[in-house]
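Below: the structure, in structure tokens.
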Amino acid sequence: MKKAIISVKGTQKNDREEVDTIELVTEGNFYIKGNTFYVVYEESELSGMDGTTTTLKITRDKVTLLRFGTNKSKMVFEKNKRHETDYQTPYGKILLGVLSTDVNVNNGGEWRRGKHKVCSRPQQ
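Sequential numbering from 1 applies to the sequence shown in full-length UniProt numbering.
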């Protein structure tokens, strides 16, 4: 396992085409197991997920985002495949469906999620 500086930039566009961008730079760890790259870092109070560990599991054609601790979730980004997950928010749980039309991974060092459609509905 190697220490690494992790840089995460997320951009979202709502149905009114308004763009929201969030950026995070933090220390974390990076390691390779077989053909899979792993990036692990602790979320902070700034992200609103203090007490949460985030792991990115990166393969050639799929990225899995796992969160453990205060916030728990699993999101899978795979080209032309729809994946559903329960996502816990401060207001309750919602079911998210993510369809990725593009996933780009460059040598395990850079991951661009490409384009996704996210559909959600509240859970009881």
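Glycine included, each C-beta is placed from N, C-alpha and C at the ideal position. Every value quoted in this text rests on a predicted model; they were computed, and no experiment measured them.
Alpha carbon of residue i to alpha carbon of residue j, nearest angstrom
i: Asn69; j: Thr53; result: The amino acid at residue 69 is misidentified as Asn; the sequence shows Gly. Cα to Cα, Gly69 sits roughly 6 Å from Thr53.
i: Glu78; j: Asp15; result: 23 Å
i: Val98; j: Arg82; result: 5 Å
i: Gly34; j: Ala4; result: 19 Å
Where residue i falls: helix, strand or coil (DSSP)
i: Ser44; result: coil
i: Asp86; result: strand
i: Tyr91; result: coil
i: Met75; result: strand
i: Asp15; result: coil
i: Asn29; result: strand
i: Asp61; result: coil
Cutoff 6 Å; reference residue i; Cβ partners in own chain excluding five residues on either side
i: Thr55; result: Val40, Leu66
i: Lys74; result: Leu66, Thr85
i: Glu23; result: Lys9
i: Tyr31; result: Met1, Tyr38
Cβ neighbours of residue i in the same chain (closer than 7 Å, five flanking residues each side left out)
i: Ser7; result: Val25
i: Glu43; result: Met49, Asp50, Thr52, Thr54
Whole-angstrom C-beta distance between residue j and residue i, which should lie under 8 Å
i: Asn29; j: Lys2; result: 7 Å
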